[in-house]
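Undergrad: Under the numbering used here, the first residue of the sequence shown is numbered -9, with each subsequent residue one higher. C-beta: ideal position from N, C-alpha, C; glycine also.
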Amino acid sequence: MGDDLGDVWWEQMGNSDSPAGEEEREEPEKQPTGLASPQEKKGKKRKSVTENPVPVKKKTALKSQTECFMAQEKKEDEGEKKPKKKRKKKKKTITDVLATSEPKPGSPGDLQSLVLEHFKGKRSVIELEELKLQDSCFVRSNDLTHSLSSYLKEICPKWAKVQKQHTEKSSVVLLIVCSAALRVIELIKQLTTFKGEAKVLKLFAKHIKVEEQVKLLQTGVTHIGVGTPGRLSALIEKEGLTLPPLRFLVLDWNWRDQKLRRMVDVPEVKGDLLKLLDTGILKGCREGKVKVGLF
């Protein structure tokens, strides 16, 4: 009986509406839907900070500024650029002209024009008239078909007789003028079938002093001289080479170097050649003593 009564009492106590029970079962008051709790507010603030970080905005701003700055510099550089000058057309050289044209043999008129053009303005009218040579002063020019030996045989058929008659030292009977030392050696080799027993002397400046050549001319009789205009003029000035016995002057007119230039196309050589002609050779031509040939 005692146990039954205790159970009944316990059930009544558990089911009773006591204030303490009500406090335990009370649910937390709901906040109005329009307002957020302080904790939620803090959470939202933190989220906003993480979602839109300030450093990212600064980087993008800096990047746009640098791009604008570079674009401005590029525009300024383009504005400063000067308009390109038109390239001047290169003047055609002697090599360009000769490479596209067929070689033509020299003629007496070519030499006459060269002499008059050079001395024009330096000599009086009367002196220029004296420089003109008659056609009788020239022998037949090479038509580009001859070798040196065959050409000399044609213009000097009585060479053996002329050779024997020449007995004077420091002089030559036949003078061949070309533009370079190597060309001198080449022409001397081509003389083998023409010279016979005649003595040939090379007269150029390379590796040979003027005094040595003067001695060589004085030691024996030289029949043929092959040389460059500059050295020949120097020998005449030093009286190492005398002109009275000279009978034939042959100019290596048609030969061209690696740049297709003739002797008269090189300014230095042309100047020396005209100086050589003015030392007394042109005078000998006018007097009928010297014949000129263009090889």
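Using DSSP's beta-bridge definition, name the partner residues of Val167.
TA: Note: Val167 sits in a beta bridge opposite Gly217, Leu241.
Undergrad: With respect to the alpha helix (DSSP H) encompassing Val280, which residues constitute its N-terminal and C-terminal limits?
TA: First-last for Val280: undefined, no H or E at that position.
Undergrad: For the beta strand (DSSP E) that contains Leu193, what are its first and last residues?
TA: Unbroken beta strand (DSSP E) run through Leu193: 190 to 193.
Undergrad: Could you check the C-alpha separation between Asp242 and Pro235 for me, to the nearest Å?
TA: Going from the Cα of Asp242 to the Cα of Pro235 covers about 21 angstroms.
Undergrad: Flag this pair as yes or no: are the beta carbons of Lys189 and Thr212 separated by less than 8 angstroms?
TA: Cβ distance < 8 angstroms, so Lys189 and Thr212 count as in contact.
Undergrad: Decide yes or no for the touch test of the region 246 to 254 against the region 195 to 203: beta carbon pairs closer than 8 angstroms, at least 3 of them.
TA: They do not touch, by the three-pair rule.
Undergrad: Looking only at C-alpha atoms, which of Asp125, Val167, Ser131, Ser160 sits nearest to Thr254?
TA: The residue you asked about is not Thr; residue 254 is Val in the sequence shown. With distances taken between Cα atoms, Val254 lies closest to Val167.
Undergrad: In terms of residues, what are the limits of the alpha helix (DSSP H) holding Ile145?
TA: Unbroken alpha helix (DSSP H) run through Ile145: 138 to 145.
Undergrad: My understanding is that Cys127 touches Val282, with C-beta atoms under 8 angstroms, so please give their C-beta distance in whole angstroms.
TA: Cys127 to Val282, Cβ: 6 angstroms. Contact.
Undergrad: Take Gln180 and list the residues in its own chain whose beta-carbon comes closer than 7 angstroms to its own, dropping the five residues that flank it on each side.
TA: Same-chain partners within the cutoff: Ser137, Leu138, Ser139.
Undergrad: Give me, in chain order, the residues of the same chain whose beta-carbon lies closer than 7 angstroms to that of Gly286; leave out the 5 immediate sequence neighbours on both sides.
TA: With the chain represented from -9 up to 285, any question about residue 286 goes unanswered, as that position is not in the structure.
Undergrad: In whole angstroms, what is the alpha-carbon distance linking Phe109 and Gln102?
TA: Spanning the two alpha carbons is a distance of roughly 11 angstroms.
Undergrad: Kindly indicate the opening and closing residues of the alpha helix (DSSP H) around Val256.
TA: Run containing Val256: none; DSSP gives neither H nor E here.
Undergrad: Tell me whether Phe128 sits in a helix, a strand or coil according to DSSP, three-state version.
TA: Of the three classes helix, strand and coil, the one that applies to Phe128 here is strand, per DSSP.
Undergrad: What did DSSP end up calling Thr183 once you bin it into helix, strand or coil?
TA: Helix, per DSSP.
Undergrad: In the structure shown, what three-state DSSP assignment does Arg246 receive?
TA: In this structure, Arg246 counts as coil in the three-state DSSP scheme.
Undergrad: Thinking C-beta only, is Thr218 closer than 8 angstroms to Ala195?
TA: Yes.
Undergrad: What are the boundary residues of the alpha helix (DSSP H) that includes Glu119?
TA: Segment 115 to 121, the alpha helix (DSSP H) holding Glu119.
Undergrad: Sorted by chain position, which residues of the same chain lie with C-beta nearer than 7 angstroms to Gly220's C-beta, five sequence neighbours on each side aside?
TA: Excluding positions up to five away in sequence, the list reads Ala195, Asp262.
Undergrad: In the structure shown, what three-state DSSP assignment does Ser103 receive?
TA: Helix at Ser103.
Undergrad: Using the three-state DSSP reduction, which class does Ser161 fall into: helix, strand or coil?
TA: Note: Ser161 maps to strand in three-state DSSP.
Undergrad: Output yes or no for whether 8 angstroms exceeds the beta carbon distance between Val105 and Leu239.
TA: No. Outside cutoff.
Undergrad: With a CB to CB cut of under 7 angstroms and the five nearest residues on each side skipped, what residues in its chain are close to Ile259?
TA: Correcting the residue identity first, residue 259 is Val in this sequence and not Ile. Closer than 7 angstroms at Cβ, skipping near neighbours: Ser169, Pro219, Met253.
Undergrad: Could you tell me the distance, in whole angstroms, from the CA atom of Leu272 to the CA atom of Gln155?
TA: One C-alpha to the other measures close to 23 angstroms.
Undergrad: Short of 8 angstroms in beta carbon distance, which residues of its chain neighbour Leu193, apart from the five on each side in sequence? Order them along the chain.
TA: Once the five neighbours on either side are set aside, the close Cβ partners of Leu193 are Val174, Gln203, Gly215, Val216, Gly217, Thr218, Arg221, Leu222, Leu225, Leu231.
Undergrad: Could you check the C-alpha separation between Val152 and Leu206 for me, to the nearest Å?
TA: Taking the straight line from one Cα to the other gives about 21 angstroms.
Undergrad: Anyone know if the C-beta pair for Asp125 and Pro98 falls short of 8 angstroms?
TA: Yes, they are a contact pair.
Undergrad: Keeping to the same chain, check which residues put their C-beta closer than 6 angstroms to that of Leu142; ignore five residues upstream and five downstream.
TA: Same-chain partners within the cutoff: Phe184.
Undergrad: Cβ of Arg130 within 7 angstroms of any heavy atom in the ligand GDP?
TA: With respect to small molecules bound, the structure shown includes none, and the ligand GDP cannot be examined in it.
Undergrad: Within 10 angstroms of the Cβ of Leu172, are there 16 or more other Cβ atoms? Answer buried if so, exposed if not.
TA: The residue in question, Leu172, is exposed, as its Cβ has fewer than 16 Cβ neighbours within 10 Å.
Undergrad: Per DSSP, what kind of secondary structure is Lys112 in: helix, strand or coil?
TA: If DSSP states are grouped into helix, strand and coil, Lys112 belongs with coil.
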